[in-house]
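Undergrad: Pasting a structure below so you can have a look.
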Amino acid sequence: MIEIKEPLFHNCCVACGVGRGDNTRELIIAQYEKHGEFICEPCENFFETWLRSEEELTYNGLETFVTPEAIYHKDHGRPLVCDPKSAFLGFGGAWILISKRYKHKYGTSVKHFVANNLFHDRRIPESYRQKLIHFQKIDSEIQFTNLENLKELRDQLNKLPYLKEGAK
Numbered sequence: 002m003i004e005i006k007e008p009l010f011h012n013c014c015v016a017c018g019v020g021r022g023d024n025t026r027e028l029i030i031a032q033y034e035k036h037g038e039f040i041c042e043p044c045e046n047f048f049e050t051w052l053r054s055e056e057e058l059t060y061n062g063l064e065t066f067v068t069p070e071a072i073y074h075k076d077h078g079r080p081l082v083c084d085p086k087s088a089f090l091g092f093g094g095a096w097i098l099i100s101k102r103y104k105h106k107y108g109t110s111v112k113h114f115v116a117n118n119l120f121h122d123r124r125i126p127e128s129y130r131q132k133l134i135h136f137q138k139i140d141s142e143i144q145f146t147n148l149e150n151l152k153e154l155r156d157q158l159n160k161l162p163y164l165k166e167g168a169k
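The sequence shown begins at 2 in this note's numbering and counts up one residue at a time.
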């Protein structure tokens, strides 16, 4: 049984979280029947276009991080790590470890990042998750952490003689 909320704009997309005034009862039912959950037409078009694309996903020209659960992106014109006392930070300035796989001519490589200024774009609906995994569109893992864990990691890395300058 499909539960349709009234007024219709209260039926929010599971990907972007937005309820639209132009949603019709017929559209909502059709999307539930097609996907098993409500995905608005703009998000459906986004996912379908992205699945067919050979291009790496970007958000307004900014690097994105795609996990099985969601799509994240960098802030416009600001680095991944900002002063924790800044007025506006993604996820409220929470510390995040990111591992991203990059495809290149000879395979893939992984790069690791630390961020406290990462933004959420949209959730990946269940109906698209397996397709994105199949087409190798999932490229990142993110893990929320805290400053104490980062300091401990820094200390562990600094103790490795192989990472010191001049070490061969």
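Note that beta-carbon positions come from the ideal geometry of N, C-alpha and C, so glycine has one too.
Bear in mind the structure is a predicted one, so any value in this text is a computation, not a measurement.
Are residue 100 and residue 57 close, meaning C-beta to C-beta below 8 Å?
TA: To locate residue 100, count along the sequence shown from 1; it is residue 99. To locate residue 57, count along the sequence shown from 1; it is residue 56. Cβ atoms of residue 100 and residue 57: not closer than 8 Å.
Undergrad: Could you round the C-beta distance between residue 16 and residue 126 to whole angstroms and report it? I think they count as a contact, below 8 Å.
TA: Looking up residue 16 in the sequence shown gives position 15. Looking up residue 126 in the sequence shown gives position 125. Contact flag correct, Cβ pair sits at about 5 Å.
Undergrad: Taking all protein chains shown into account, decide if residue 48 is buried (16 or more other Cβ within 10 angstroms of its Cβ) or exposed.
TA: Translated into positions along the sequence shown, residue 48 becomes position 47. Looking at its Cβ environment, which holds 16 or more other Cβ atoms inside 10 Å, residue 48 is buried.
Undergrad: Who are the near neighbours of residue 92 in its chain, counting only those whose CB is closer than 7 Å to its CB and skipping five residues on each side?
TA: Position 91 of the sequence shown, counted from the start, is the residue given in the question as residue 92. If the five residues before and after residue 92 are omitted, its C-beta is found closer than 7 Å to the C-beta atoms of 119, all from its own chain and listed in chain order.
Undergrad: In chain order, which continuous runs of the alpha helix (DSSP H) of length 4 or greater are located wholly inside the segment 5-81?
TA: As far as the segment 5-81 is concerned, its whole alpha helix (DSSP H) runs of at least 4 residues are 26-36, 42-53.
Undergrad: Might you give, ordered along the chain, the residues of its own chain that have their beta carbon closer than 8 Å to the beta carbon of residue 29, omitting 5 neighbours on each side?
TA: Taking the sequence shown and counting its residues from 1, one reaches residue 29 at position 28. Closer than 8 Å at Cβ, skipping near neighbours: 3, 5, 9, 12, 39.
Undergrad: Could you tell me which residues DSSP puts in a beta bridge with residue 104?
TA: As a working mapping, residue 104 is identified with position 103 in the sequence shown. Residue 104 is bridged to 109.
Undergrad: Count the other CB atoms, across all protein chains shown, that sit within 10 Å of the CB of residue 66; report buried if there are 16 or more and exposed otherwise.
TA: In the sequence shown, counting from the first residue as 1, residue 66 sits at position 65. Classification for residue 66: buried.
Undergrad: Hey, quick one: how far does the beta strand (DSSP E) through residue 122 stretch, first residue to last?
TA: Position 121 of the sequence shown, counting from 1, holds the residue named residue 122. Per DSSP, residue 122 belongs to the beta strand (DSSP E) from 119-124.
Undergrad: According to the Cβ coordinates, are residue 98 and residue 146 closer than 8 Å?
TA: In the sequence shown, residue 98 corresponds to position 97, counting from 1. In the sequence shown, residue 146 corresponds to position 145, counting from 1. Their beta carbons are under 8 Å apart, which means residue 98 touches residue 146 by this criterion.
Undergrad: Tell me the residue span of the beta strand (DSSP E) that contains residue 142.
TA: One-based indexing of the sequence shown puts residue 142 at position 141. Residue 142 -> beta strand (DSSP E) spans 141-146.
Undergrad: Is it buried or exposed for residue 107, if we count other Cβ within 10 angstroms and need 16 for buried?
TA: Within the sequence shown, residue 107 is the residue found at index 106, counting from 1. That one is exposed.
Undergrad: Give the DSSP-derived three-state secondary structure of residue 92 in the structure shown.
TA: Taking the sequence shown and counting its residues from 1, the one referred to as residue 92 is at position 91. Helix, per DSSP.
Undergrad: In the DSSP output, what is residue 136 paired with across the bridge?
TA: As a first step, residue 136 must be located in the sequence shown, where it is residue number 135. DSSP, once it has assigned bridges, lists no residue as partnering residue 136.
Undergrad: Here's the rule I'm using: 16 or more other beta-carbon atoms within 10 Å means buried, otherwise exposed. How should residue 134 be labelled?
TA: The count along the sequence shown starts at 1 and reaches residue 134 at position 133. It counts as exposed.
Undergrad: How big is the Cα-Cα spacing for residue 115 and residue 154?
TA: Start at 1 with the first residue of the sequence shown, and residue 115 comes out as number 114. Start at 1 with the first residue of the sequence shown, and residue 154 comes out as number 153. The alpha-carbon atoms of residue 115 and residue 154 are separated by roughly 11 Å.
Undergrad: Distance check for residue 19 and residue 151, CA to CA, integer angstroms please.
TA: If you number the sequence shown from 1, residue 151 lands on position 150. If you number the sequence shown from 1, residue 19 lands on position 18. Going from the Cα of residue 151 to the Cα of residue 19 covers about 35 Å.
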